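Everything on this sheet refers to the single structure shown next.
In structure tokens, the structure reads:
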């Protein structure tokens, strides 16, 4: 056992990394003509277990995307059989992202907006993942909640529940204006993500050696990029002042310290790239050289590519420890992100020659 990580879990992570979808497979999926065809193709892949029993030919876009997201959870749960006690605690903390995903999903449904898996029984889907139990929220209470206050009450953590209660108005969503509707959803999402990443980074900070350094790089990089993207969105889409944008951020700090975040917040959104010049993250928020129609998509793709590179570096370090599980789950999450991009490209007839703008792993020229 090295720093809480075992040989078995590190070897398992490396083996699973070798099963990830290759660029040529994404090309072939882009050549298909419907969501159903993609579902059928994935039903004969590593995603077969989760897709088994569903009518793949008639699969809806939102439902397929929901199932793909659950695949990351299913992968994560399998590592519990290999991990020691301390690493199981870390893994359970990592997998709380799915408690949050389910909460956000039900929150949006209650708000009357589109959601993943809108035509599926959430209990049935989560039942596909043997051995997983929600820890951050009460699943039965959440899914039976009919109002925003009902679903907030399903949160087990008292500090998180109190923060959500402050962020969410007591009025019915139908009584909100469009702007208030969007801001409420945005604020609730920020509260949930802050809670999750602050706790996860705090856990990573307790680990020593290469394991701790690599895990902090993996989680800390995501925290930095998320903070910067929140600043960009808060300033660009919600007309927040720099001071208001800074109140949204995760408390954890990695490479983007408060001075840099303040500089980013006081820059105009279109000038964010200039504010980051000379830092690790320069170029990611270059909106001036992005197409107007795909500006946010390109920014999110650059963020994902940066995270992909960090996860790959964790494996290249060759050290044992939980960071290998975390790196693999990050790569799997990014693979699912690419699959969702492919599904939506096919569903909405997106120009395949521009696929490189959407995917984490560029495919090169698509004929």
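In this note's numbering, the protein residues as written are 756 to 1122.
Cβ atoms here follow ideal geometry from the backbone N, Cα and C, with glycine treated the same way.
Fair warning: this is a prediction, and the values are worked out from it, not measured in the lab.
Looking at the DSSP output, residue 795 bridges to nothing. For residue 864, the closest of 902, 850, 823 and 989 by C-alpha to C-alpha distance is 902. Per DSSP, the unbroken alpha helix (DSSP H) holding residue 1091 starts and ends at 1077-1102. Under the three-state reduction of DSSP output, residue 946 falls in the helix class. Judged by their CB atoms, residue 785 and residue 802 are not nearer to each other than the 8 Å cut-off. Judged by DSSP in its simplified three-state form, residue 884 adopts coil rather than helix or strand. Taking C-alpha positions only, residue 1093 is separated from residue 930 by approximately 37 Å. Here the C-alpha atom of residue 807 lies approximately 15 Å from the C-alpha atom of residue 815. Beta-bridge analysis with DSSP links residue 910 to 892. Contact check for residue 832 and residue 887: beta-carbon distance about 5 Å, within the 8 Å limit, so the pair qualifies. For residue 810, the number of other beta carbons within 10 angstroms of its own is below 16, and it is reported as exposed. About 5 Å separates the beta carbon of residue 956 from that of residue 974, a gap short enough to meet the 8 Å contact definition.
Counting C-beta pairs with one atom in each stretch, the stretch 1076-1094 and the stretch 965-972 have three or more that are closer than 8 Å, which means they touch. Note on geometry: alpha-carbon atoms of residue 926 and residue 1035 lie some 43 Å from one another.
Of all alpha-carbon atoms in 1110, 1091 and 1081, the one lying nearest the alpha-carbon of residue 766 is that of 1081.
Annotated three-state conformation of residue 1010 is coil, per DSSP.
Residue 1036 sits in coil when the DSSP states are folded into three classes, being neither helix nor strand. Less than 8 Å separates the beta-carbon of residue 1084 from that of residue 830. If the five residues before and after residue 948 are omitted, its C-beta is found closer than 8 Å to the C-beta atoms of 855, 981 and 1005, all from its own chain and listed in chain order. For residue 967, the enclosing alpha helix (DSSP H) stretches over residues 964-992. Here residue 1040 is actually not in contact with residue 993; their C-beta atoms are around 17 Å apart, not less than 8 Å.
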